[in-house]
């Protein structure tokens, strides 16, 4: 599950993490956009639920200096030995440049360089290196983790997917349908033992299809008009179905762009229906080759009306029996 859950204060997430654990969820993964940072929700989970595995999906490679990113990851790895995975990625110009006042230059090379730096630093090595996009002089972690965390790479198109396959411990996928998974994973070639494929999957567990599709259209027009995601979906073959949305967006017609997103695209990228139906659709990602399908829970009319009580009822319906937990 993606954490933290919206509408619930971080201080109240002990009950959320306990409910997820009881429901058979194995992992909690954070994101980092404009809400909570990626690490604080996971630090709380590490303290409150010793069985849950923790992951960032993702931590941007631009918004922290390399040394600070290594220190933060090392601290969480020390807090939860063997239970933490560090997911990094380029993020987007809006988040990096507009919100964090950092130049968004050469995202592929910056991501590759940070990946290489982290792999060495988290092993406790002294890093004294001139990379293509930054230079580090004699950096050594004072508290290197006894169990270095795996470093996973967010990737969309072939170049980054191949970098993940060559140099990272796994790949993180986002904004793709279950039927898209084989094409993305094919770029990885033969995966090494222990290499993981993680995918964030948007789930709106409601049988109010109109609500789910309206929300899905807003999200799709907000995300898939970002150049990197637009290029990704062109590569996946959605030029014809999403072309009208891109054209309307480029013309400044935001409402028209949302209206141009076909139901079939919404239904493929934002899973909705009963909780049980959503779980069945999530399993399709696993069947297609995803090792860690990560639900991202979206708001529903039922959750809005029922609050915490509705969430308490919902989580077990989205989980698995303890006997199925792996």
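In the UniProt record's numbering, the protein residues as written are 1 to 326.
Note that CB positions come from ideal geometry on N, CA and C, so glycine has one too.
Who are the Cβ neighbours of residue i in its own chain at under 6 Å, not counting the five residues just before and after it?
i: residue 77; result: 84, 145 and 149
i: residue 249; result: 225 and 257
i: residue 271; result: 203, 278 and 281
i: residue 235; result: 157
i: residue 299; result: none
i: residue 322; result: Confidence is the limiting factor: at residue 322 the pLDDT is only 48, short of 50, which leaves the residue's position unreliable, though a coordinate-based value still follows. These residues qualify, in order along the chain: 24.
i: residue 129; result: 136
i: residue 95; result: none
i: residue 107; result: 90
Can you list, in chain order, the residues of its chain with a C-beta nearer than 7 Å to that of residue i? Leave out the 5 residues immediately preceding and following it.
i: residue 162; result: 187
i: residue 223; result: 175 and 229
i: residue 200; result: 2, 57, 174, 294 and 296
i: residue 177; result: 268 and 269
i: residue 185; result: 197 and 289
DSSP three-state call for residue i: helix, strand or coil?
i: residue 122; result: coil
i: residue 71; result: helix
i: residue 176; result: coil
i: residue 287; result: helix
i: residue 253; result: coil
i: residue 265; result: helix
i: residue 139; result: strand
i: residue 52; result: coil
i: residue 282; result: helix
i: residue 244; result: helix
i: residue 275; result: helix
i: residue 260; result: coil
i: residue 228; result: helix
i: residue 59; result: strand
i: residue 297; result: strand
i: residue 2; result: strand
Below 8 Å CB to CB, which residues in the same chain sit around residue i once its five sequence neighbours on both sides are set aside?
i: residue 169; result: 85, 150, 151, 152, 194, 195 and 196
i: residue 141; result: 70, 71, 74, 121, 122 and 124
i: residue 79; result: 43, 46 and 47
Quick one: measure Cβ to Cβ for residue i and residue j, integer angstroms, because I've assumed they're closer than 8 Å.
i: residue 40; j: residue 295; result: So it is not a contact: roughly 20 Å between Cβ atoms.
i: residue 316; j: residue 46; result: Incorrect: roughly 23 Å between the Cβ atoms, too far for contact.
i: residue 52; j: residue 17; result: 6 Å
Legend entry - Segments assigned alpha helix (DSSP H), at least 4 residues, entirely inside the segment 77–136: 107–121
Legend entry - Cβ pair count under 8 Å reaching 3, the segment 52–68 against the segment 18–33: yes
Inset, instruction - Quick one: which unbroken alpha helix (DSSP H) runs of 4-plus residues sit fully inside the segment 10–44? Chain order, please. - result: 13–22
Inset, instruction - Please determine if the segment 284–299 and the segment 227–245 are in contact, where contact requires at least 3 C-beta pairs separated by less than 8 Å. - result: no
Legend entry - Meets three-Cβ-pair contact criterion under 8 Å: the segment 271–283 and the segment 3–16: no
Legend entry - Whole runs of the alpha helix (DSSP H) within the segment 145–204, excluding any shorter than 4 residues: 158–167 and 181–186
Inset, instruction - State whether the segment 168–184 contacts the segment 280–292, with contact taken as three or more CB pairs (one from each stretch) at a distance under 8 Å. - result: yes
Legend entry - contact_flag[the segment 86–97, the segment 204–214] where n(CB pairs < 8 Å) is 3 or more: no
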